[in-house]
Structures are given as C-alpha cells and as structure tokens.
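The structure under discussion appears below in the form of structure tokens.
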Amino acid sequence: MRYRFRTERLQLKTLLSLNLRGGTALDVGANKGIYSYWLARAVGPSGNVVAFEPQPEMARYINDRKRAFKLKNVEVLNTALSKEAGRATLTRCRVGDGSASLEPGRLQADQLTVPLATLDSMHMPNLRFIKCDVEGHELNVFSGAERTIKSSRPVIQFEAVPTESADLFSYFENLGYSGIMFLGDRYLPCNNPDEVKHYKFGLCGHRDFLFFPPEAIGTTIPTTVSRHFPR
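Residue numbering for the sequence shown follows numbering that gives the first Met the number 0, starting at 0 and increasing by one per position.
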C-alpha cells in the first residue's frame, strides 16, 4: 500500500487507469511483488500477471503474498530475463535488495547464480503491459523480447538512470514508440532526463518512463489520461 499512497503515486495511478482488463501484464524484476499486486487488480480475474524475480527468497515471498491475498491470476517465475537464455551472476547487498543487478562492476557483498530466459521464448497472449525494473539490465531484457514487443505492442514502463536513457529511448523510437517521464506528480517530456532534477535524488538516481505505440492512445491508454501527457 505504501507504493500507492507514498511512493510512485503517479506511476501507480497511471497504471490503474489503463485498460488492462482481461489482458496479460508482466512484472519484470518483481522484488517484493508490489507491482504484481496492483497489476493483478488492473487485469482482473480474467487477466494474467507474470512476475519475474531471480532472487529465490523473493520469489517465495511473492508466492506467499499471492496465497495470502488470493491472487489466482498471478504466476511467479524464479528467473531473470535477458537477451539470451543461460545462467548469470546476480550481485546484491542482502536478501531482497531492490538494487540487485546482473550488470558487472556492482560493488555488492553477495553473489548468486540465477537462470536467464528470454521473453521471446515464451507465449504471452494478449500482452498489454510490461513493467521492467532490473537495475541497468533493461536493454538486455528488451533485446530478448523484441519479437514479442513488435507483435504485441504493449505499453512499457521502465526505470533507468540518465546515462542509460539514450540507448533505451533510441531502441523504442526505432520501434515507433513515444514516451514520457514520471517526476513526482507530473508527466514530463523524456528528451532531457539528465537535466531534470529528481525530487529525491537531484541530478543523480533513476527516472521512471512510460513508452507506448501510437495505437495505444484511446485503447490501452484512455484519452482522459493521455491528454495530460506533454506534447
């Protein structure tokens, strides 16, 4: 509940206003499953949520919460997504660390080997929405999901630091997507994230972005929401 009322309020308000009923939504880098919970409400009993979480302890935690909240439309996969299948080293400071990453050079205390899969190797019918928060590994995830993204054209929310943003923007623009940036309670253009101060982290730290194909406006994204997006 904290995420809805104190943290990422605009992101979750936007998510809950999307037309996801009966569709499939993905929580990539689910951690404690906060987004999985709200996505389960958004897609409804006829929809499906797939949560990808490579930390085994957190995958079990989400499954426990799934049972406690009777979220029958949530599936938890204890794997990371990337550009190719295999295995890789995940580094983290502690169990449940939200900054756990597959990216090399992270100065963290604990390491574990986790399985990798590609989204393109899976069948995701009626895919409407992807949330991706994988601490610097986002472009690898999307590269391994390109066929799926091209065929399903989902709305995609992802996190990135300003130094990683340009490559991600270019990737989605080449697919015909447009995007906006979340900042506090505002939607902003996403063309200069390194020049916009984050309300908490200043010019450092991550930003959250929402990218979407033009056909999502008026369908997945109601015009009552998109009219507030910057032009």
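Beta carbons are placed, not taken as given, at the ideal position from N, Cα and C, and that holds for glycine. Please read these numbers as outputs of a predicted model, since none were measured by experiment.
Below 8 Å on the Cβ atoms is my contact criterion, and I expect G183 with F210 to pass it. Report the Cβ-Cβ distance as a whole number of Å.
No, G183 and F210 are not in contact; Cβ-Cβ is about 19 Å, not under 8 Å.
| query | Which value, in whole angstroms, describes the spacing of the CA atoms of E7 and G32? | reply | Roughly 14 Å between the two C-alpha positions.
task = Classify T222 as helix, strand or coil using the three-state DSSP reduction.
result = For T222, the three-state secondary structure derived from DSSP is helix.
**Item:** Entirely enclosed alpha helix (DSSP H) segments - the segment 34-109, minimum 4 residues
**Value:** Segments of the alpha helix (DSSP H) lying fully in the segment 34-109: 55-67.
- Under 7 Å Cβ to Cβ from L111, same chain only, skipping five residues before and after it: list those, please. The residues are L89.
Practice item. Return the Cβ separation of A87 and L76 in integer angstroms, given the expectation that the two are a contact with Cβ distance under 8 Å. Key: Cβ atoms of A87 and L76 stay farther apart than 8 Å, at about 16 Å.
Which residues share a DSSP beta bridge with C131?
-> Paired residues: V27 and F157.
Note down, in chain order, each residue of its chain lying with its Cβ closer than 7 Å to the Cβ of G135, except the 5 sequence neighbours on either side.
-> S100, E102 and E163.
ask   = Quick one: any contact between the segment 150-159 and the segment 44-54, if contact means 3 or more CB pairs under 8 Å?
value = Because the criterion of three Cβ pairs below 8 Å is not met, the segment 150-159 and the segment 44-54 do not touch.
Subject >> Three-state secondary structure (DSSP) of E188 >> reply: Residue identity check: residue 188 is Pro in the sequence provided, not Glu. Three-state DSSP puts P188 in a strand.
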